[in-house]
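Asker: Before anything else, here's the structure in question.
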Amino acid sequence: MTGGGTLAHAVERVESVRDVKDVQRHLAHAVQVGDVAQAIDLFTDDAEVRWGDERLTGRAAVGAWIERTLRRWGALHTEVVDQPLVTLSADGRTARGRWHGMRFLGDGAGGARIEAGIYENRYARTGGGWRIAAVDHTPLYAGDYADGWTNVDPEGVPIVPRHFTADEVGAPVGEVPEITGSGSDDVDALAARIARLNDEDDVRNLVHALGYYVDRRMWTDVVDLFDDDSAADAAVRVGGAEYTGPQGVRDACATMGPEGLRRGELNDWPIFDLVVDVDGAQARVRGITVGLLGDANRGTGYWEFARFGGVLVKRDGLWRMKSVTVTRMVRAEYADGWGHQRAVRRGEAGRLSRRVRARCGPDAPGRPADVRLADLARRLARSRAYDAVENVSAAYGYYLDDFQWPELARLFAVCGHKQSPFVGYYVGRDRILEAAVAARGARRRADARRERAVFHWRPQSVVHVSHDARSANLRTRLLQTRTASRVDPDWTGLHGGCYPNDQAVLEDGVWRLWSVTIDEYSFVSPTWHGGWAAAGDGRATARPDRSRLVEACPPDIAMPELGARVEGLLGGVGRPRVWPEIAPMWFGYRNPVSGRTPERYWPDCAPSRAVPGTSMTRHGYELPPTGPAVDGVEVA
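Numbered per my numbering, the sequence shown spans residues 41 to 676.
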């Protein structure tokens, strides 16, 4: 059997979405280490590039453009490209992808620059695999490091046209028909490909979870992620130093400070462009991280740019870390910037990962073929859900940035709910729309220009999908950047927070948000020149004024009703812990290997205990696993 109702066709479409994302990620890795040959190979022969007012056509022209850029900014050229939103064409031959990108550039002679914008790219499936067919980049803000960035367009920040609608993002592979046959003579091969997709999800979750533990210096949880069956082989390599065994892993962590964060300490290592390559019971990963480090008590801040790689092993159905290698490229004091630094470039970007189509074991004795087909379709749906949830999460950030309130409300399930920061929760699409307009003003026209803009990045997803592939828990970062029409040292900067308890559900064949909660801020930059370290002089974030929105549009659930869940948070109960104090950090899951329960653990949506009717379990959905799990079922 062939066509849209076959398992082979469905597997191919999910793999295609993953491959499109990986092609873009590989480009970021190749450019960072100056591997021009690999960068060029990622484009089609007739590729097009539109970068602001610049136009290029053909692979040779694209390659020459990359080489020119690297000659100008060859000391440091780190671009983080994340928050992917990918949709596949009906015929599966082309795809579109939206990304948020930020480049950190240095010439080694004192010049340092930051540039950021939105990509709306096209991809094509060729004989050599998926490639980039067109780069369409709209620069939004840029500037020399010494002064800070400003809007690129003197008329204001534009709204970049989108290739998707609010109803399309939750179905990245298109309409999913009922699977009625394998479409292949080798069902075992399809089962192996599905298992690989599921394993990719688990590995990505584990590495991203490791990142969150490192941020908070939760060293015991970090050690727990390493494989205890081959503990002697566990290794962390940082620069020229190597740490082995469980104690070695802990010692490597301790080089960043003692366990736990104390007032004024920032140890954030956002993970970008993570590539996962699974081969049986072993996996290799590589990613880019930008360290936001310092101690506001001492007024010290640092940037650190690094590449990292890792090896993971699968035992008893659970993935575990085996080794991590961190290659520090540049470390610079915040006050000085990286203009005089030259990046350490070791190793290659890594070859393009190829999907392994190894055969898995035979069917269990006596298991009917139709039962196995249904089970494989369910397992595939779990990985399809991962990409759909990541899409919806990205769309939320893009619509929020552009004040597109009807579209943002449409991302939610009929009974979904959204927190308005510092105020409370609004239940249902109509109320979400009403609150957004009351808080931020009317929807912006497509041709609108903004003198000031705030961008909400939601990278480093941890997505736990239920066994039945109908619900998911989601955790992402918040990286907030602000830009203005002129250099504004009190506005421009980076701020951080977390979306720790978001959820999504499958509703009428489309994935939609069930709950969105933001805990902000974990750190702020009171001034551009001082960065996050400037908060030590008392210039912390001003307390929010809740009264206007509460009076104009009272929430269905006020934040103080959540009690302990919002203690210490802005708009919550008790005294707010505002940076440089350490705000509470909540987790919706336990340690994915040991099952250790974090100090602040909240497995369901944030308002579920105060208002039980907000829980997805009251609406016919399973609560996804929140601890060590195999195929969406908790095992410990």
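Where is the CB? At the ideal position from N, CA and C, for every residue including glycine.
1. Given a threshold of 16 other Cβ atoms within 10 Å of its Cβ, counted over all protein chains shown, does D530 qualify as buried or as exposed?
2. Do the CB positions of R206 and R469 come within less than 8 Å of each other?
3. Using C-beta distances below 6 Å, list every residue in its chain close to T284, excluding the 5 sequence neighbours before and after it, in chain order.
4. Determine the extent of the beta strand (DSSP E) in which G327 is found, giving its start and end residues.
5. What residues match up with C538 in a beta bridge as DSSP calls it?
6. Under DSSP, the beta strand (DSSP E) around V366 begins and ends at which residues?
7. Helix, strand or coil for P124 per DSSP?
8. Hey, could you find the ends of the alpha helix (DSSP H) Y253 is sitting in?
9. I need the DSSP call for S224, collapsed to helix, strand or coil.
10. Which value, in whole angstroms, describes the spacing of the CA atoms of A135 and D268?
11. Compare the Cα-Cα distances from D559 to each of H507, C455, G628 and G167 and report the closest residue.
12. Throw me the rounded Cβ distance for the S56 and L110 pair, which I believe falls under 8 Å.
13. With three or more beta-carbon pairs closer than 8 Å as the criterion, would you say the segment 246-257 touches the segment 70-83?
14. Name the residue from T166, K458 and W619 whose alpha carbon lies nearest to the alpha carbon of W572.
15. Please report the straight-line C-alpha distance between L518 and G536, rounded to a whole angstrom.
16. Let me check understanding here. Comparing Cα to Cα, which of E195, V209 and G150 lies closest to D184?
17. So the candidates are T654, A646, D415 and V633; which of them puts its Cα closest to the Cα of P668?
18. Can you list, in chain order, the residues of its chain whose CB lies under 7 Å from that of V316, leaving out five sequence neighbours each side?
19. How about G188 and V564: are their beta carbons less than 8 Å apart?
20. If you reduce the DSSP assignment to three classes, tell me which class G98 lands in.
21. Out of A509, A650, D442 and S222, which one is the CA nearest neighbour of G603?
22. Would you kindly work out how many angstroms separate the C-alpha atoms of A52 and P217, rounded to a whole number?
23. Could you give the DSSP three-state label for P179: helix, strand or coil?
24. Shortest alpha-carbon distance to A101 belongs to which of R233, T84 and D376?
25. Roughly how many angstroms lie between the CA atoms of Q543 and V670, to the nearest whole one?
26. Answer yes if the segment 419-433 comes into contact with the segment 492-511, meaning at least three C-beta pairs across the two stretches below 8 Å, and no otherwise.
27. Could you compute how far the alpha carbon of L301 sits from the alpha carbon of L333?
28. From the DSSP output, which residues share a beta bridge with G349?
29. In angstroms with no decimal places, state the Cα-to-Cα distance between T523 and D273.
30. So what does DSSP say about V60, is it helix, strand or coil?
31. So if DSSP puts F443 in a beta bridge, which residue, or which two residues, is it bridged to?
32. Rounded to the nearest angstrom, what separates R498 and Q123 at their Cα positions?
33. With DSSP as the reference, label C293 as helix, strand or coil.
34. Within a Cβ cutoff of 7 Å, which residues of the same chain sit near A375, ignoring the five residues on either side of it in sequence?
35. Throw me the rounded Cβ distance for the L116 and G146 pair, which I believe falls under 8 Å.
36. Taking only beta-carbon atoms, is V564 less than 8 Å away from chain D?
Answerer: According to the data block:
1. Its Cβ having fewer than 16 others within 10 Å, D530 is exposed.
2. For the sequence presented, residue 206 should be read as Ala rather than Arg. Taking 8 Å as the Cβ cut-off, A206 and R469 do not qualify as a contacting pair.
3. Cβ within range, chain order: A275.
4. Under the DSSP assignment, G327 falls in the beta strand (DSSP E) whose first and last residues are Q322 to D335.
5. According to the DSSP secondary-structure assignment, C538 is paired through a beta bridge with R517 and D559.
6. Annotation: the continuous beta strand (DSSP E) that includes V366 extends over L358 to E373.
7. P124 falls in the strand class under three-state DSSP.
8. According to the DSSP assignment, Y253 belongs to the alpha helix (DSSP H) that extends over V227 to D255.
9. DSSP places S224 in coil when its eight states are reduced to three.
10. When rounded, the distance between both Cα atoms is 42 Å.
11. When C-alpha distances from D559 are compared across H507, C455, G628 and G167, the shortest belongs to G628.
12. Not quite, the Cβ-Cβ distance comes to about 30 Å (not below 8 Å), so this is no contact.
13. With fewer than three CB-CB distances shorter than 8 Å, the segment 246-257 does not count as touching the segment 70-83.
14. Per the Cα distances, W619.
15. Their backbone Cα atoms lie some 6 Å apart in a straight line.
16. Of the candidates E195, V209 and G150, the one whose C-alpha sits nearest the C-alpha of D184 is G150.
17. Out of T654, A646, D415 and V633, V633 has the C-alpha closest to the C-alpha of P668.
18. Beyond the five residues adjoining it in sequence on each side, V316 comes within less than 7 Å, by CB distance, of E240, V243, R244, A323 and V325 in the same chain, given in chain order.
19. Cβ atoms of G188 and V564: not closer than 8 Å.
20. In the structure shown, G98 sits in coil (DSSP, three-state: anything other than H, G, I, E or B).
21. The residue with the shortest Cα to Cα distance from G603 is A650.
22. For the record, residue 52 in the displayed sequence is Glu; it is not Ala. Roughly 14 Å between the two C-alpha positions.
23. The DSSP-derived three-state label of P179 is strand.
24. Proximity to A101 across R233, T84 and D376 peaks at T84, based on C-alpha coordinates.
25. So the alpha carbons of these two residues sit roughly 20 Å apart.
26. Touching, yes, given that three or more Cβ pairs across the two stretches are closer than 8 Å.
27. Going from the Cα of L301 to the Cα of L333 covers about 12 Å.
28. DSSP, once it has assigned bridges, lists R326 and T365 as partnering G349.
29. In a straight line, the C-alpha of T523 is about 47 Å away from that of D273.
30. Residue state, collapsed to three classes: helix.
31. For F443, no pairing in a beta bridge is given by DSSP.
32. Taking the straight line from one Cα to the other gives about 6 Å.
33. In the three-state scheme derived from DSSP, where H, G and I count as helix and E and B as strand, C293 is classed as helix.
34. For A375, where only same-chain residues beyond five positions count, there are no Cβ hits under 7 Å.
35. Between L116 and G146, the beta carbon gap of about 4 Å places them in contact (Cβ cut-off 8 Å).
36. Of the protein chains in the structure, only one exists, and it is not chain D.
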